[in-house]
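Numbering of the sequence shown is given in this note's numbering, commencing with residue 179 and proceeding in unit increments.
Structure, as structure tokens:
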Amino acid sequence: MTADDSSAPEGAPVPAPDDVPVSHEAPAPPYLHRQTVGGFGVVGIRPVDAEADADVVHGWVREERAAFWGMNGLTRDQVADVYAHMAGLDTHHAFLVELDDVPVALFQTYEPAADRVGDCYEVAAGDLGIHLLLAPADARGARSGWSSALMGVLASYVLLGLDRARVVVDPDVRNEKAIARFLRQGFEAGPVVTLPEIDLPDVYLPEKKAQLAFLRREVAFPA
């Protein structure tokens, strides 16, 4: 599997704009985090169920727009196997993001020290890496401000809910749109690095030239 932030959200800075009301709710299983975002609805984050969610996830990752995610050529069962493997890891996690119980994004987190990116920069305490793939727009089309609001929820979950100090992303250097979006959202550009090839029985990641970028908690949520 390869993972990339190629479909990172469009929009304005993180967190959600001040004119978008946000309220936090006590999550109930299977949700790990829930927020009500004014004008959109209730956003929930829950673990991916490798088998039950395979049709949805496969439908997203096989699209050409998700090319940088690196799973275009996988079958539905292969996608299920990838996420079943990930479910057994302590350092890498996959989540489905839902808006009013409808899947809207695939969200992954990882410990940089346990990932190949950890060989390419000085990992700091409190770092957490993420990958994000948005679902295609529904029949209503794109909703203005939604991407920014979603990033606000994810930043809240990682930086506040998980008490992390910094978010790390590593988009492919060819993915100029994703890089530009992250920078507009408050991420600070780091070095360009070459992530080494990983060839294991359960995971294959080709070598990737990546642009590292970082979002610090004090930037996303200033005191």
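Beta carbons: idealized from backbone N, C-alpha and C, even for Gly.
Per-residue burial, residue i [other beta carbons within 10 Å of its own, 16 or more giving buried]
i	result
A313	buried
R342	buried
S287	A small fix is needed here, since residue 287 is Thr in this sequence, not Ser. Buried.
S294	The sequence shown places Arg at residue 294, rather than the Ser named in the question. When all chains shown are included, R294 counts as buried.
G266	exposed
P193	Its pLDDT being 43, under 50, P193 is placed unreliably in this model, and the value from its coordinates should be taken loosely. When all chains shown are included, P193 counts as buried.
E300	exposed
S322	exposed
G216	exposed
Cβ separation of residue i and residue j, assumed to be a contact under 8 Å, to the nearest whole Å
i	j	result
L393	V345	4 Å
Beta-carbon proximity of residue i to residue j, cut-off 9 Å
i	j	result
Y261	V235	yes
L274	D227	yes
H263	V381	yes
A398	G364	yes
D278	V220	yes
E129	L310	Residue coverage of the chain in this structure runs from 179 to 401, which leaves residue 129 outside it and unanswerable.
Range covered by the beta strand (DSSP E) that runs through residue i
i	result
R321	Run containing R321: none; DSSP gives neither H nor E here.
R224	G219 to P225
L210	Premise fails: L210 is in no beta strand (DSSP E) and is neither H nor E.
Coarse secondary structure for residue i, derived from DSSP in three states
i	result
V233	Residue 233 is actually Asp in this sequence, not Val. Correct three-state label for D233: helix.
P290	helix
G368	strand
E385	coil
R254	helix
D350	strand
V198	Note on V198: pLDDT 48, under 50, position unreliable in the model; no value is reported.
V192	The predicted position of V192 is uncertain, since its pLDDT is 41 and thus under 50; a value taken from the coordinates is nonetheless stated next. Coil at V192, not helix or strand.
A391	strand
Residue range of the unbroken alpha helix (DSSP H) whose run includes residue i
i	result
D305	No alpha helix (DSSP H) contains D305, which is instead part of the beta strand (DSSP E) from D305 to L312.
F360	E354 to R362
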